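Down below is the structure, laid out as structure tokens.
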């Protein structure tokens with residue numbers, strides 16, 4: 015066997031070992047429990063890309079998602095990173111958020127000003143998105159109507175929903191908070 019053939023075989027053997035270790039030895043044996051809950055119920059890290067393939071983004075209404083992605087692309091041209099802080103949520107995750115808000119604000123009534131009760135939240139249907147950072151919310155406040163994206167609540171500058179007629183008209187006036195929104199009534 016020539017020296018070149020021997021070198022080729024040694025390199026090939028080394029590559030096979032590296033590939034085998036990468037495919038088998040370096041992957042976790044199971045996903046952490048937190049990861050499956052986070053991804054499966056709609057929780058995402060602040061600033062998740064509008065192009066991410068996670069349930070909170072992928073389960074948004076297709077028209078809302080198209081508008082959001084078009085807005086994010088345009089915002090990027092202006093130097094603004096438009097991310098998703100919350101999108102689609104499961105009823106279980108919505109309940110968790112509501113319970114946390116009730117504890118933080120001291121009552122269910124006060125919590126309702128900030129978090130919808132499960133079964134009433136438009137997030138559960140994939141019809142709402144909370145954007146971030148604040149520069150993205152400010153950019154959408156100025157440019158969102160061109161994409162049909164409207165701020166719905168005065169107390170939530172991050173919360174946007176699709177109002178397709180806003181492209182040719184204006185966004186409707188926002189409610190003071192979710193307690194004024196008739197959709198939130200049970």
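Numbering (our numbering), first residue to last: 15 to 200.
Beta carbons are placed, not taken as given, at the ideal position from N, Cα and C, and that holds for glycine.
All of these numbers come straight from a predicted model, not from anything done at the bench.
Residue i versus residue j: straight-line alpha-carbon distance, rounded
i	j	result
residue 140	residue 176	11 Å
residue 145	residue 56	14 Å
residue 64	residue 173	14 Å
residue 132	residue 115	13 Å
residue 120	residue 180	37 Å
residue 96	residue 149	8 Å
residue 70	residue 165	19 Å
residue 101	residue 143	4 Å
residue 134	residue 113	15 Å
residue 59	residue 194	29 Å
residue 79	residue 61	15 Å
residue 163	residue 178	8 Å
residue 198	residue 86	28 Å
residue 168	residue 111	20 Å
residue 47	residue 66	The predicted model places residue 47 with a pLDDT of 38, which falls under 50 and marks its position as unreliable; any figure quoted below should be read in that light. If I take the Cα positions, the gap works out to 20 Å.
residue 182	residue 196	25 Å
residue 147	residue 188	20 Å
residue 192	residue 186	15 Å
residue 82	residue 184	17 Å
Beta-bridge partners of residue i, as assigned by DSSP
i	result
residue 100	144
residue 173	144
residue 74	According to DSSP, residue 74 bridges with nothing at all.
residue 63	97
residue 164	175
residue 189	167
Selection from the options that minimises the alpha carbon distance to residue i
i	options	result
residue 190	179, 180, 171, 118	171
residue 106	83, 79, 137, 97	137
residue 151	103, 98, 130	98
residue 160	84, 104, 66	84
residue 68	87, 103, 81, 88	103
residue 108	88, 118, 168, 129	129
Near the ligand ADP: residue i beta-carbon under 7 Å from a heavy atom
i	result
residue 177	The ligand ADP is not part of the structure shown, which contains no ligands of any sort.
Between the region 117-125 and the region 83-95, can you find at least three pairs of beta-carbon atoms closer than 8 Å? no
Evaluate the contact criterion for the region 145-160 versus the region 67-75: three or more CB pairs, one atom per stretch, below 8 Å. no
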